[in-house]
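One structure is given here, and the rest of the page talks about it.
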Amino acid sequence: MNERCRIMVIGYGNPGRQDDGLGPAVAAAFEQADLPDVTVDSDYQLTVEDAAAVAQHDVVIFADADCTGPEPFRFDPVLPGDAVTFSSHSVQPDGVLALADQLFGVRPRAYALGIRGYEFNEYREALSAAAQRNLAAAVDFLRGALNQRTVLRDGSPHELAALAGASTTANGDE
Amino acid sequence: MVSMKNGLKRIAIEPVTRVEGHGKVTILLDEKNEVQQARLHIVEFRGFERFIQGRPFWEVPVLVQRLCGICPVSHHLAAAKAMDIIVGGENLTPTAEKMRRLMHYGQFFQSHALHFFHLCSPDLLFGFDADVAIRNVIGVAAKFPDLAVQGVMMRKYGQEVILRTAGKKIHGTGAIPGGINKNLSNEERDFLLKDIDQMVKWSRGALKIAKDYTVENLDKVKDFGSFESNHFGFVRSDGAMDLYHGGLRAVTATGETIFDHVDYREYLDYIVEEVKPWSYMKFPFIKSIGPENGWYRVGPLPRVNICDFIDTPEAEEARKEFMAVTDGKPNNITMAYHWTRMIELLHAIEKIKELLHDPDLQGNDLVVTGERRGEAVGLIEAPRGTLFHHYKVDENDQVTMANLIVSTTNNNEPMNRAVSKVARDHLSGVEITEGLLNHVEVAIRAYDPCLSCATHAMGQMPLIIELVDHSGNVINRKAKGCKLPEEQ
Chain A
30 MNERCRIMVI GYGNPGRQDD GLGPAVAAAF EQADLPDVTV DSDYQLTVED AAAVAQHDVV
90 IFADADCTGP EPFRFDPVLP GDAVTFSSHS VQPDGVLALA DQLFGVRPRA YALGIRGYEF
150 NEYREALSAA AQRNLAAAVD FLRGALNQRT VLRDGSPHEL AALAGASTTA NGDE
Chain B
4 MVSMKNGLKR IAIEPVTRVE GHGKVTILLD EKNEVQQARL HIVEFRGFER FIQGRPFWEV
64 PVLVQRLCGI CPVSHHLAAA KAMDIIVGGE NLTPTAEKMR RLMHYGQFFQ SHALHFFHLC
124 SPDLLFGFDA DVAIRNVIGV AAKFPDLAVQ GVMMRKYGQE VILRTAGKKI HGTGAIPGGI
184 NKNLSNEERD FLLKDIDQMV KWSRGALKIA KDYTVENLDK VKDFGSFESN HFGFVRSDGA
244 MDLYHGGLRA VTATGETIFD HVDYREYLDY IVEEVKPWSY MKFPFIKSIG PENGWYRVGP
304 LPRVNICDFI DTPEAEEARK EFMAVTDGKP NNITMAYHWT RMIELLHAIE KIKELLHDPD
364 LQGNDLVVTG ERRGEAVGLI EAPRGTLFHH YKVDENDQVT MANLIVSTTN NNEPMNRAVS
424 KVARDHLSGV EITEGLLNHV EVAIRAYDPC LSCATHAMGQ MPLIIELVDH SGNVINRKAK
484 GCKLPEEQ
């Protein structure tokens, strides 16, 4: 088995709209870490050209604010899909994966790291206190997950559930 | 949702989302269930002007990029142009102006390419009535993979231009009051030149698709969401299309001049913003004509309509072909936006190529300053249309007033007209069919409005349609691109 595992972390959202900045905050937490074979990217939203970058990695983690998910975060596999947008220039993670598959013939393992946010509707460059706590938990979790690359790349559903569940539980206990 | 008032039935097509910045269509029916009016509601971003107030003026070109995830470069440059005036540095050095222009054309290139390949081409390649399951970019990727790859790579190229001129892919800092903070290195220039000919070639192909579609389907598209309107934008002093700087020009639907070469710093003498009770978004109109008939269109279609020529050879040839369809008069066909958008795409890449061969980009004279001023207006032609930034700055360098008129606001009334036209032509009975929804979407998409650009998060639902009877009961409810709660 090839031990090299190229991972991409994409944090997206608008830092000027309060908790919508959770995704970029994840990217910022890892940008300076200079982890081997880990590419970190940040943007306001996902767009079609992300498919080209995604296609060059074995594992992709989409980090975004989540307005309805569990606290402090959720970590779920994402499969290629055909999410339809009304009139936006953005695409969803499953759409990016579908394009990477159809256009470049690559299907990386992918996960959505959805960090629970609460406040979105004002122009303010600050995360809410609760979102900051959730962010810290998510970054801790992701730091640990990036040390288990073979699980991220090849793990069975049971192993992945254990990875996500154990970390969430541990964070919840803190 | 549907409600009754004054004998009118209201059918609403609305997205459910916890953030601002999404659209909703409301179709007003009379007692005979005929369309009286349709309204496109865009919940405009409120509070941004307040967010800027009190901030130091030199931060503004960076801050305003928080407004929009689709066109942050346009806001960056419009604000920088205003702040040039604040510091008395509006006469930029050649290096500064050309770096900004390169950034701007990069933005145009990636934005127009993305809109065409991602949003528009599914409508053109599969038809308005095609199953929504395939009438999207994923469907294009499956059936026309080469085209879809081109779209992705063109968008990526435009982003590379922005990265090398703005300093960052997002939240760029390239343009500063009175200039620019970097030049283009030889390595950066060579990197961008490597793929330039491929980009020109693909742009020609995209233009051909848009042109051929429009010409071959002229009978179908000429009335689709179409109406006569005034056309507004700015042009260079010699009448050429100029997307970065120029004087204001407005013409009627038949091409008569309303005003020409107006200094945009005097825009308040020419443009008024009207407020309507049902919309957060204002309705700008030309002051001398008045609100009833003074509304206008902005963006690719008006820009091609109002300019005297385009100063790049292939785009100019394309413009002549386009104008020949209407014998040199303004073209008022809504779907012609797509053709003109591709003319601008080709123009943008021709300009990028021209600039990359200009040694001024490697210059080191980057910033100028002069007499300090307290008020300034910066305008730019953004991909979606004319963008206004107006600021006042006090003696402590803090912003005390900000007024922005974004491109989508300028196109507010035209988009409402387009939706009304489509609703009248395609609503049958009181049922919101998939066909009606498709046609409404196609009409709105022609304008490439900014509907959902300020925030983005998991959990949002793109579009929901509800149909309610005379008694206020919901008799039909549809969701697009998502599942309704009761379906989950």
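Those protein sequence lines, which keep their order, are chains A and B.
Residue 30 is where the first sequence starts when you use our numbering, and the numbers rise one by one after that.
Residue 4 is where the second sequence starts when you use our numbering, and the numbers rise one by one after that.
We treat Cβ as the ideally placed atom computed from N, Cα and C, and that holds for glycine.
As the structure is a computational prediction, the values presented were derived from the model and not from experiment.
Item, Value
"Which residue wins for smallest C-alpha separation from B:W342, given the options B:P97, B:A318, B:Q40?", "B:A318"
"Can you name the residues that DSSP bridges to B:E434?", "B:S431"
"Could you give the distance in angstroms between the alpha-carbon of B:V328 and the alpha-carbon of B:M338?", "14 Å"
"Report the option in B:S240, B:Y299, B:E357 whose CA atom is closest to the CA atom of B:D311.", "B:S240"
"Give a yes or no on whether the C-beta atoms belonging to A:V89 and A:I36 are separated by under 9 Å.", "yes"
"Kindly indicate the opening and closing residues of the beta strand (DSSP E) around B:M404.", "402–408"
"Taking the CB atoms as reference points, tell me whether B:F235 and B:R300 lie closer together than 9 Å.", "yes"
"Here's the rule: buried if 16 or more other CB atoms are within 10 angstroms of the residue's CB, otherwise exposed. What is B:R53?", "exposed"
"In the structure shown, what three-state DSSP assignment does B:R42 receive?", "strand"
"Can you round the beta-carbon distance between A:F102 and A:A166 to whole angstroms, since I take them to be within the 8 Å contact cut?", "6 Å"
"Count the other CB atoms, across all protein chains shown, that sit within 10 Å of the CB of B:N308; report buried if there are 16 or more and exposed otherwise.", "buried"
"If we cut at 9 Å on Cβ distances, does B:A151 have a partner in chain D?", "The structure shown contains no chain D; its protein chains are A and B."
"Could one say the Cβ of B:V38 lies closer than 9 Å to chain A's Cβ atoms, at least one of them?", "no"
"Checking contacts by CB at 9 Å: is B:P2 closer than that to chain A?", "A query on residue 2 of chain B cannot be resolved here, the shown segment of chain B reaching from 4 to 491 and no further."
"Answer yes or no: does any C-beta atom of chain B fall closer than 9 Å to that of A:Y140?", "no"
"Could you confirm whether any beta carbon from chain B is found closer than 9 Å to the beta carbon of A:Q85?", "no"
"Please confirm if B:I468 has its CB atom under 9 Å from at least one CB of chain A.", "Annotation note: pLDDT 48 at B:I468 (below 50); position unreliable, coordinate value reported separately. Not one chain A Cβ lies under 9 Å of B:I468."
"Rounded to the nearest angstrom, what separates A:L156 and A:G146 at their Cα positions?", "8 Å"
"For B:G181 and B:G142, I'd like the C-alpha separation in whole angstroms.", "46 Å"
"Would you check if the distance between the CB atom of B:F1 and the CB atom of B:K214 is smaller than 9 Å?", "With chain B covering 4 to 491 only, the question about residue 1 of chain B has no answer from this structure."
"Is it true that the CB of B:F391 sits closer than 9 Å to the CB of B:V402?", "no"
"Distance, Cα to Cα, B:N510 vs B:F286?", "Given that chain B is displayed from residue 4 to residue 491, the structure contains no residue 510 of chain B and the question cannot be resolved."
"If we define contact as Cβ-Cβ less than 9 Å, is A:R153 a contact residue for chain B?", "yes"
"Leaving aside the five residues before and after B:I199 along the sequence, list all residues of the same chain whose C-beta is less than 6 Å from its C-beta, in chain order.", "K356"
"My understanding is that B:Y267 touches B:L80, with C-beta atoms under 8 Å, so please give their C-beta distance in whole angstroms.", "That pair is no contact at about 14 Å."
"Do you know how far the Cα of B:G366 is from the Cα of B:D134?", "53 Å"
"Please report the distance separating the alpha-carbon of A:Q177 from that of A:F91.", "17 Å"
"So, is B:S188 buried or exposed, given that buried needs 16 or more other C-beta atoms within 10 angstroms?", "exposed"
"With a threshold of 6 Å on Cβ separation, who are the neighbours of A:F59 within its own chain once the five nearest residues in sequence on each side are excluded?", "V38, V69"
"Closer than 6 Å by C-beta to B:A492: which residues in its own chain qualify, once you throw out the five before and the five after it? Chain order, please.", "Residue 492 of chain B falls outside the range modelled here, since chain B spans only 4 to 491, and no answer is possible."
"Out of B:R42, B:F60, B:E276, which has the shortest C-alpha to C-alpha gap to B:D397?", "B:F60"
"Using a Cβ-based criterion (distance less than 8 Å to any ligand heavy atom), does B:F112 qualify as near the ligand ATP?", "In the structure shown, the ligand ATP is absent, as is every other ligand, since no ligand is present at all."
"How should A:E78 be labelled, buried or exposed, when 16 other C-beta atoms within 10 angstroms of its C-beta is the threshold for buried?", "buried"
"For the stretch 111–189 of chain A, list the alpha helix (DSSP H) runs that are entirely contained and at least 4 residues long, ordered along the chain.", "122–133, 158–174, 178–183"
"Among all the DSSP beta bridges, which residues are the ones paired with B:N220?", "Note: B:N220 sits in no beta bridge, so no partner."
"State buried or exposed for A:Q61, treating a residue as buried only when at least 16 other CB atoms are found within 10 Å of its CB.", "exposed"
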